[in-house]
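In terms of numbering that gives the first Met the number 0, the sequence shown is residues 0 to 345.
Each residue gets a CB set at the ideal place from its N, CA and C atoms; glycine is no exception.
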Amino acid sequence: MAAFHTLRWIDDSLELLDQRLLPDHCTYPRFDSAAAVAAAIRDLVVRGAPAIGCAAAYGIALEARRLRHESQAGFDEGMHQAFAVLGNSRPTAVNLHWALARMRERLQASSGSGNADRAVTLLDAAQRIAAEDVRINRALGAHGAALLPDVARVMTHCNAGALATAGHGTALGVVRSAALAGKKMEVIANETRPFLQGARLTVWELQQDGIPVTLIVDSAAGYVMGARHIDAVIVGADRVAANGDVANKIGTYMMAVLAKRHAIPFYVACPLSTIDLTMPSGGDIPIEERDSGEVAGYRDLRWAPLGAHIANPVFDVTPAELVTALITEKGVVQAPGRTTIQQLFN
Ligand code: MRU
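What follows is the structure in structure tokens.
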């Protein structure tokens, strides 16, 4: 079990592990309003699709608690704004909207109660979403582990681990479950430019568990796939369209093309809450574009010349035809497509 918490509820506040400061500092700033949680999501204090969804759910619970003694009109208006500010915090991960929809259902279902009771109900709903996320990740982890040989070397991109969820992780959940089942696991972690989720987060997280991990630059992935035996590439997802196209961290598409070239299975591990049946295909998924400063340099260091024209799309779409299988809590979907994905929800 990981020795850190991605999110935790303490003394009527939400604490988030500040992922911008890892691996150097492990600090837990406190948040007590929806606007503060939305800013934390936008600024990548907390990141990773399921973790964003859990944080947003807690953001709603915090706001209800903060407003519980207001007039009814003040409470209603404040909650309306809370859903709006959290819903607009990041565009690509659909778990955010999934979690907010669940919280809205609970808010509406509690309309007959006083606002103090509604705040308690919403905290319970947020805690359930977080606890459920860990259970789901353990279930999908077990399904995914069964796909791997007893000694396996897995490449991953970005961080789809405990740090990207309420615990255990999705892609790294598969690795963790396999290791817990006695398989000998080794991970190749792509550094994941520009925010370095692989170098800073995946390597740190696996070190905590004692799972061997080797860091490479993203552009070494093709060479490494050819020169060293890789049993599988496993990544997470921010949104999967109804036809099986996968939006995930920028560079995932390159990894899928390379995996196909090298005949390596390319697995996407995600909960059903990441599948968006309202998106017909990947081209419909909104792709976040972030500040150019993330590409021009890192923290206080700048390497691109001032005035350089920079594009910073932070997700890409991998066509379903490049995905060997989706690993979900309901089982493994080989060669995912419209029909097989729909069946997951039947
Ligand atoms: O920008 P990030 O760090 O939020 O992007 C995270 C990813 O792309 C993850 O792979 C994805 O959210 C799945 S996390 C289980």
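- Closest in alpha carbon position to MET278, among LYS248, PHE265, ALA241, ALA170, is ALA241.
- If you ignore the 5 residues before and after PRO270, its C-beta comes within less than 8 Å of the C-beta of PRO49, ASN94, ASP132, ILE135, ASN136, LEU139, THR169, THR327, GLU328, all in its own chain and listed in chain order.
- Non-local beta-carbon contacts of ALA35 in its own chain, meaning distances under 6 Å to residues more than five positions away in sequence, are absent.
- Sixteen is the threshold: when 16 or more other Cβ atoms of the shown chains lie within 10 Å of the Cβ of GLN18, as they do, the residue is buried.
- Within a 10 Å sphere around the beta-carbon of GLN341 sit fewer than 16 other beta-carbons, which makes this residue exposed.
- Under the three-state reduction of DSSP output, MET184 falls in the strand class.
- Apart from the 5 residues on each side of it in sequence, THR91 sits with its Cβ closer than 7 Å to the Cβ of ASP237, ARG238, ALA246, ILE284, PRO285, ILE286, GLU287, PHE314 in its chain, given in chain order.
- When distances are taken from the beta-carbon of PHE82 to the heavy atoms of ligand 1, even the shortest one reaches 8 Å or more.
- Taking a C-beta distance under 9 Å as the contact criterion, VAL316 and TYR266 do not qualify as a contact pair.
- Residue state for LEU325 is assigned as strand, using DSSP reduced to three classes.
- Of ASN189, VAL44, VAL294, PRO304, the smallest CA-CA separation from MET224 is found for ASN189.
- LEU21 places its beta carbon less than 9 Å from that of LEU200.
- One thing to note: LEU257 has its Cβ within 9 Å of the Cβ of ALA220.
- Contiguous alpha helix (DSSP H) elements confined to the stretch 66-128 occur at 71-86, 94-108, taking only those with 4 or more residues.
- For MET278, the three-state secondary structure derived from DSSP is coil.
- By alpha-carbon distance to CYS157, the top candidate from ASP149, VAL202, VAL173 is VAL202.
- If you keep only unbroken beta strand (DSSP E) runs of at least 3 residues inside the stretch 234-278, you get 238-240, 245-248, 265-268.
- In this structure, DSSP gives VAL173 a helical state, which the three-state scheme calls helix.
- Residue nearest to THR273 within the set GLY209, ALA60, VAL212, ALA163 is ALA163 (criterion: CA-CA distance).
- Judged by their CB atoms, VAL150 and VAL186 are not nearer to each other than the 9 Å cut-off.
- If you look at ALA220, you'll find it in the alpha helix (DSSP H) that goes 220-226.
- In this structure, the C-beta of THR327 stays at least 8 Å away from each heavy atom of ligand 1.
- For ILE51 against ILE40, the beta-carbon gap comes to about 5 Å, under 8 Å, which counts as contact.
- Counted as a single uninterrupted DSSP element, the beta strand (DSSP E) harbouring GLN333 occupies residues 330-333.
- Unbroken beta strand (DSSP E) stretches of 3 residues or longer found wholly inside the stretch 10-70: 12-15, given in chain order.
- Our two residues, GLY143 and ALA226, have alpha carbons roughly 25 Å apart in a direct line.
- Exposure of HIS68 is indicated by the presence of fewer than 16 other C-beta atoms within 10 angstroms of its C-beta.
- Here THR213 is exposed. Its C-beta has fewer than 16 other C-beta atoms within 10 Å.
- Distances from the CB of ARG46 to the heavy atoms of ligand 1 include at least one below 8 Å.
- In the three-state reduction of the DSSP assignment, TRP302 falls in the coil class.
- When DSSP states are grouped into helix, strand and coil, ARG137 belongs to the helix group.
- With respect to the C-alpha of ALA56, the residue from ILE249, SER32, GLY113 having the closest C-alpha is SER32.
- When beta bridges are read from the DSSP output, LEU6 appears opposite LEU15.
- Under DSSP, VAL316 takes part in a beta bridge, and its partners are ALA246.
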